[in-house]
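So the sequence shown is numbered by numbering that gives the first Met the number 0: it starts at 0 and just counts up by one.
Idealized CB from N, CA, C, for every residue including glycine.
Inspection log for the structure reproduced underneath, given as structure tokens.
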Amino acid sequence: MDILENSIIKECMSMNIILMGPPGAGKGTQATKLVNKYGLTQISTGDLFRKALSEQTKYGVIAKYFMQFGHLVPDDYTIEMVREYLKENTFENGFILDGFPRTIVQARELESIAKEFNFTIDAIINLDIPQEKLVSRLSGRRTCKNCGTTFHVEFNPPKVTGVCDKCGGELYQREDESVEAVTVRLDTYNKQTRPLIDYYTMKGTIININGDQPMEDVFKDIEKSLEGK
Ligand code: ADP
Ligand code: ADP
Ligand code: ZN
């Protein structure tokens, strides 16, 4: 029955989601679960910038200087990159924007891109978590060099230390995960991204989820909120 129900949801579901929350809130972790269960495509601007950086493309060269110190990449480049990505790809079952928008300017631009490309944003999910929990989440995060899957040394350890469960790739600690960069990133979030919560709350479209609970419970709450859509 469970399998049948899941497959029905899977077949029927085509929705575009924005996943918001401070650095370390669990956006990437929950996005992966949504991808696996519903076949959505994850669009992580952080991952796109890191890929651009490793491939030394235009966006990577620009992003490097902002990312390494924990600042946001300027809006115009970020918007241009997302716009290109949305234009060049198709999303059969919908997509999850993970880490975009991060400013009010980006949110407004997304609205005009949606009109232009004729899609809707069906759910805006905000992972809510006390600030003091974020530093340990970020400092313990380990990311796969090969596939980008994230682990946590304490909360979600890989089966073999330093090795990705999914693809066997090497796990590393991100350059912007130093105490200094993390402090700047949290500050940047509070100044530039947190105001988006009010922006979407006023539009009446935000779903607040308690991100301060075990990963599976966060996911259950997200699923419940989406089933009502
Ligand atoms: P986290 O998972 O910790 O929230 P991300 O991987 O999403 O971090 O982002 C890493 C970095 O990439 C950010 O600190 C920022 O420099 C850049 N970045 C990602 N998304 C955006 C965005 N929407 N606007 C500007 N910069 C961004
Ligand atoms: P974000 O994409 O929002 O920056 P991540 O999904 O990368 O966040 O999660 C940050 C770190 O915290 C990762 O190491 C991840 O394994 C861990 N993590 C994610 N969700 C939880 C949770 N609910 N409880 C404990 N640790 C978590
Ligand atoms: Zn991997």
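Can you name, in chain order, every residue of its own chain whose Cβ lies under 7 Å from the Cβ of F218, other than the five neighbours on each side?
Taking the sequence shown and counting its residues from 1, the one referred to as residue 218 is at position 219. The residues are Q29, K32.
With a threshold of 8 Å between beta carbons, is N92 in contact with chain D?
As a matter of chain content, chain D is missing from the structure shown, which is built from one protein chain.
Are G168 and K132 touching if we call contact CB-CB under 8 Å?
What you label residue 168 is simply residue 169 of the sequence shown in a count that begins at 1. What you label residue 132 is simply residue 133 of the sequence shown in a count that begins at 1. No, the Cβ-Cβ distance between G168 and K132 is not below 8 Å.
M214 - containing alpha helix (DSSP H), residue span
On the sequence shown, position 215 is the one that residue 214 refers to. From DSSP, the alpha helix (DSSP H) with M214 extends over 214 to 226.
Using beta-carbon positions only, say whether L71 and T102 come within less than 8 Å of one another.
As a first step, residue 71 is located in the sequence shown; it is residue number 72 there, counting from the start. As a first step, residue 102 is located in the sequence shown; it is residue number 103 there, counting from the start. Going by C-beta atoms, L71 is nearer than 8 Å to T102.
Ignore the nearest five residues each way along the sequence and tell me which others in I120's own chain have a CB closer than 7 Å to its CB.
For the purposes of this step, residue 120 is identified with residue 121 of the sequence shown, where counting begins at 1. Beyond the five residues adjoining it in sequence on each side, I120 comes within less than 7 Å, by CB distance, of N15, I17, A113 in the same chain, given in chain order.
Taking Cβ positions, are L185 and P73 nearer each other than 8 Å?
To locate residue 185, count along the sequence shown from 1; it is residue 186. To locate residue 73, count along the sequence shown from 1; it is residue 74. No. Outside cutoff.
When you measure from the CB of Q130 to every non-hydrogen atom of ligand 2, does any distance come out below 7 Å?
As a working note, residue 130 is residue 131 in the sequence shown. Answer for Q130: no, Cβ out of range of ligand 2.
In whole angstroms, what is the alpha-carbon distance linking I196 and D164?
Within the sequence shown, numbered from 1, the residue matching residue 196 stands at position 197. Within the sequence shown, numbered from 1, the residue matching residue 164 stands at position 165. Between I196 and D164, the C-alpha separation is close to 34 Å.
Once DSSP output is grouped into helix, strand and coil, what is the label at M201?
Here residue 201 is taken as the residue at index 202 of the sequence shown, counted from 1. Residue state, collapsed to three classes: helix.
Report yes if the CB atom of I42 is closer than 8 Å to the CB atom of F116, and no otherwise.
Taking the first residue of the sequence shown as position 1, residue 42 is located at position 43. Taking the first residue of the sequence shown as position 1, residue 116 is located at position 117. The criterion of a C-beta distance shorter than 8 Å is not satisfied by I42 and F116.
Let me make sure I understand the geometry here. Which of Y58, T200, G25, Q130 has the alpha-carbon closest to that of T182?
If you number the sequence shown from 1, residue 182 lands on position 183. It is Q130 whose Cα lies nearest to the Cα of T182.
Residues bridged to G137 by DSSP?
Here residue 137 refers to the residue found at position 138 when the sequence shown is read from its first residue. Before going on, a small fix: residue 137 reads as Leu here, not Gly. Bridge pairing for L137: absent [DSSP].
Measure the alpha-carbon distance for Y199 versus I205 and round it to whole angstroms.
Position 200 of the sequence shown, counting from 1, holds the residue named residue 199. Position 206 of the sequence shown, counting from 1, holds the residue named residue 205. About 6 Å.
V134: which of F48, G23, L225 sits nearest, CA to CA?
Here residue 134 refers to the residue found at position 135 when the sequence shown is read from its first residue. Residue G23 is the option with its Cα nearest to V134.
beta-carbon V217 near ligand 2 non-hydrogen atom, thresh 7 Å
The sequence position of residue 217 within the sequence shown is 218, counting from 1. Within the chosen limit of 7 Å, ligand 2 reaches the beta carbon of V217 through at least one heavy atom.
Nearest candidate by alpha-carbon position, reference V81, set Q105, S224, K63, A122
As a working note, residue 81 is residue 82 in the sequence shown. Of Q105, S224, K63, A122, the residue nearest in Cα terms is Q105.
By alpha-carbon positions, which one of F68, E79, H151 ends up nearest to E174?
For the purposes of this step, residue 174 is taken as the residue at position 175 of the sequence shown. Checking every option, the nearest Cα to that of E174 belongs to F68.
Let me make sure I understand the geometry here. Which of V178, A62, E179, T187 has the alpha-carbon closest to that of L47?
Taking the first residue of the sequence shown as position 1, residue 47 is located at position 48. The shortest Cα separation from L47 among V178, A62, E179, T187 belongs to A62.
For a minimum of 4 consecutive residues, which ranges assigned as the alpha helix (DSSP H) are wholly contained in the stretch 120 to 202?
133 to 138, 178 to 187, 194 to 202
Range of the contiguous alpha helix (DSSP H) that encloses T40
On the sequence shown, residue 40 is found 41 positions in, with the first residue counted as 1. Note, T40: premise wrong, no alpha helix (DSSP H); beta strand (DSSP E) at 40 to 43.
How big is the Cα-Cα spacing for G210 and I221?
Position 211 of the sequence shown, counting from 1, holds the residue named residue 210. Position 222 of the sequence shown, counting from 1, holds the residue named residue 221. Rounded to whole angstroms, G210 to I221 spans 10 Å at the Cα level.
V159 to M19 span [Cα, whole Å]
Here the question's residue 159 lines up with position 160 in the sequence shown. Here the question's residue 19 lines up with position 20 in the sequence shown. Cα-Cα distance, rounded: 30 Å.
Cross-strand partners of D97 (DSSP beta bridge):
Position 98 of the sequence shown, counted from the first residue, corresponds to residue 97. Its beta-bridge partners are L18, S43.
Please classify K202 as buried or exposed, where buried requires at least 16 other C-beta atoms within 10 Å of its C-beta.
Translated into positions along the sequence shown, residue 202 becomes position 203. With fewer than 16 Cβ atoms within 10 Å of its Cβ, K202 is classed as exposed.
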